[in-house]
Structures are given as C-alpha cells and as structure tokens.
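Working notes, beginning with the structure itself.
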Amino acid sequence: MGFRRGGRETAAARRLRLVTLLELVRRAVELQDDADEVIAACGLPGEPPVSVARRGRQVGAEYARLQGWVLDLCEDDEPGTLARRIGELLSYHTEMLDLSLKLAFPRYRSPRLERRRQELTGLGEPARTLRETEAALRLWLDSTP
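Start counting the sequence shown at 1; every next residue gets the next number (the numbering used here).
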C-alpha cells in the first residue's frame, strides 16, 4: 500500500494512518445514537414505520462505507491489530442494523422471529468498545509527537 516503503511504515505515515483511523472511528461513534434508535424501533411491538427501514439502510450504508475505508487502511496488517479490530467492530454495527431490519420487515412472519425481533434493544457492548477505542486512540495521538 502507499503508506509503506519496502514493507516498513515511516513514523509520519503511521501517524497519518492513525489520525485517519481516528476520524473514521469518530464518525462511527457519532452514528451510534442513530443506529440504537433504529434498532430499538425495530424491536417495538407492532409494525414499524417504513421510515425506520429507510433510516436504517442509510445508517447501515454509512457504517459499511466506514468499514470499507478501515479495511483499506489495514489490508496489510496482521490479524489482531487495532485497525483490524476496529474493522470487526464496524462489521458488527453494520450486521446488527441489517439483522434488525430483516427481523422488523421479514418476508414471512413467525412467532420465533417475532420474539427475536422484540428482544432488540441496541448495539450493546461492541458500541461501548468502539467508544473506548476512540478515546484510547485520541489519547495516544495527543501524547505522541
């Protein structure tokens, strides 16, 4: 990738990559309230309004874009790196929205799917993990020249 020379990343390139990663995480965290609202609306009793589906698709598409950009930044990274973990968290956010919408607007309704749908409350623990990751990234960048 363009950041690396001979497999090694310069300090300036690493910092630029981390600043970019922080901006992507910041945007993802900013979307969490919208995602939680959509997921909670999908879990309410009764038929959700079509506006929930529309908003859910918009938020999900934004998470998918962010995830793609993060994966581009970490394509040469080893599994378990911070960037890869962020990509996994964004994948969870995207998939959770998609699952919620599929349960709220199914082709066929069943009592089992309806029970699953009504258990939906929000993004849960991975959302907190992403917020903590943002704070840690920000702290690290602020303390590094």
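Where is the CB? At the ideal position from N, CA and C, for every residue including glycine.
Just so we're clear, the structure is a prediction, and the values are computed from it rather than from any experiment.
For residue i, which of helix, strand or coil comes out of DSSP?
i, result
"residue 117", "helix"
"residue 75", "coil"
"residue 8", "strand"
"residue 1", "A caution first: residue 1 carries a pLDDT of 40, below 50, which makes its placement in the model unreliable, though a value can still be read off. In this structure, residue 1 counts as coil in the three-state DSSP scheme."
"residue 31", "coil"
"residue 26", "helix"
"residue 122", "coil"
State yes or no: is the C-beta of residue i within less than 8 angstroms of the C-beta of residue j?
i, j, result
"residue 134", "residue 29", "yes"
"residue 53", "residue 105", "yes"
"residue 26", "residue 38", "no"
"residue 48", "residue 93", "no"
"residue 40", "residue 122", "yes"
By the DSSP assignment, the alpha helix (DSSP H) with residue i in it spans what residues?
i, result
"residue 110", "Neither: residue 110 is in no alpha helix (DSSP H) and is coded neither H nor E."
"residue 46", "Here residue 46 belongs to no alpha helix (DSSP H), and DSSP marks it neither H nor E."
"residue 94", "82-104"
"residue 139", "125-143"
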